[in-house]
Amino acid sequence: MTTTTRQLRNADTGKPGNSGHFDGFVRSEADDSVDLTASYLAIDEDVDVFFDSPVEHPVQADVVTFEMGEDNIVRDAQRLAGQEVARMGLPWTLVEEVAGETIAAVYKTAATARAKGAETTIGGGFIRSVARKTASRHVDGHRRHEDSRGFRDWKLRVAALEAELGRHLTATEGDAVAEEIRDNWHDKNHRPSKHFHREVIVNSLDAETTLDEPVAADPLVADGSARAHRLADMVEEKDLTRQQARRQLWNVFAGEDGAPEAVQGSVKPFTARTAKRVVKDAVQVAQKWEDGEASPEETAALFAPFGTLDRADQAAVAQTILARPHYGHRMWAGALEFAANTDGYLA
């Protein structure tokens with residue numbers, strides 16, 4: 009039996025037929041025995057098969073650009089959320105919540121831009137602003153507004169006093185600064201609470217311990233400590249230049265490691281230049297010192313920023329450098345610059 013080949017499109021218009029009428033071919037008896045409905049519906053699911061050549065679906069260029077890469081959004085949001093939570097004196101347990109809300113807000117912005125076809129660039133500054141706005145919504149729910157404002161003022165005053173004195177304040181001295189802030193508060197009926205400055209950083213310090221002594225099980229007292237946050241705040245508020253901040257990174261981490269701090273103004277410029285020439289890589293020289301292979305010149309240069317040290321102090325310096333192999337040299341170089349200069353604050 010001869011059958012006619014079916015063409016599933018209108019011969020005149022190039023469009024598919026409808027209601028079972030197929031102009032452009034003649035049904036045969038064999039055709040009548042075939043249930044075309046199922047075949048037609050199956051084909052209709054993919055309109056490309058109705059045309060001689062496939063329908064072109066041009067790829068639309070993404071109008072949203074993530075400066076730091078879309079794969080890094082989660083990491084960046086968590087990092088910035090942590091900084092903002094600490095800066096506002098909020099409980100550390102809020103970091104994941106703030107990060108999650110920040111990520112959702114960032115992707116909502118991206119989705120809106122794509123829907124409108126509006127070219128949008130999402131960078132670190134934008135993510136930080138979202139994290140800050142998100143964290144600020146938690147202030148009243150977890151910490152009184154007066155406490156947050158007072159805590160920020162307290163941090164700046166403590167930093168200024170430490171710069172003036174050339175040492176860290178004791179907890180008792182920190183309490184006195186807080187009390188002064190409360191006594192001089194503009195609204196006597198809505199002052200910060202009595203221990204507003206101790207809620208986040210100084211949870212359980214003895215009377216004469218320093219403000220930056222590590223507190224057990226406190227997530228803020230790690231590489232991203234309260235001192236590091238205070239340093240970042242001062243840079244952000246233009247109270248400190250990035251160069252000044254880099255010079256003080258050693259003292260931030262040394263305070264946590266129990267290592268000697270750089271002594272401001274203790275190194276003469278000539279000594280500093282010599283130390284830089286001798287120590288090309290502080291991590292390498294610190295390892296040589298630990299292995300007993302450092303020369304007297306290398307030893308003197310490595311420990312130059314830290315004043316007079318005994319063997320235990322030298323070991324602590326070496327360990328602080330070796331614990332951070334990726335930026336130990338830059339920390340050491342910053343400490344050397346700090347010891348050779350008299351400007352900047354003590355963080």
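Taken in order, the sequence shown gives residues 9 to 355; the numbers are from the numbering used here. For every residue, glycine included, the Cβ atom is placed at its ideal position computed from N, Cα and C.
Item: Between the C-alpha atoms of E170 and K163, what's the straight-line distance to the nearest angstrom?; Value: 11 angstroms
Item: Within the continuous beta strand (DSSP E) that includes T128, where are the two ends?; Value: 128 to 130
Item: Examine the Cβ distances between the segment 100 to 111 and the segment 78 to 86 and report whether three or more of them are shorter than 8 angstroms.; Value: yes
Item: Please confirm whether V93 and V82 have their CB atoms less than 9 angstroms apart.; Value: no
Item: Which two residues bound the contiguous beta strand (DSSP E) that contains F314?; Value: Segment: none, F314 is in no beta strand (DSSP E) and carries neither H nor E.
Item: Of the choices W297, R165, Q256, E75, whose alpha-carbon is the least far from that of D183?; Value: R165
Item: Out of curiosity, what's the CA-to-CA distance linking T282 and R254?; Value: 20 angstroms
Item: In the DSSP assignment, find the alpha helix (DSSP H) that holds V291 and state where it starts and stops.; Value: 290 to 298
Item: Quick one: give me the first and last residue of the beta strand (DSSP E) that L73 is part of.; Value: First, the amino acid is wrong: residue 73 is Thr here, not Leu. Per DSSP, T73 belongs to the beta strand (DSSP E) from 72 to 74.
Item: If you draw a straight line from the alpha carbon of S201 to that of W193, how long is it in whole angstroms?; Value: 11 angstroms
Item: I need the straight-line Cα distance from A343 to T128, nearest angstrom please.; Value: 41 angstroms
Item: Considering just the uninterrupted stretch of the alpha helix (DSSP H) at Y115, what are its terminal residues?; Value: 103 to 124
Item: Where does D299 land, buried or exposed, given buried means 16+ other C-beta within 10 angstroms?; Value: exposed
Item: Under 8 angstroms by Cβ, that's how I've got G132 and E187 pegged, so tell me the actual separation to the nearest angstrom.; Value: Not quite, the Cβ-Cβ distance comes to about 38 angstroms (not below 8 angstroms), so this is no contact.
Item: Checking 9 angstroms against the spacing of the C-beta atoms, do V271 and G315 come in under that value?; Value: yes
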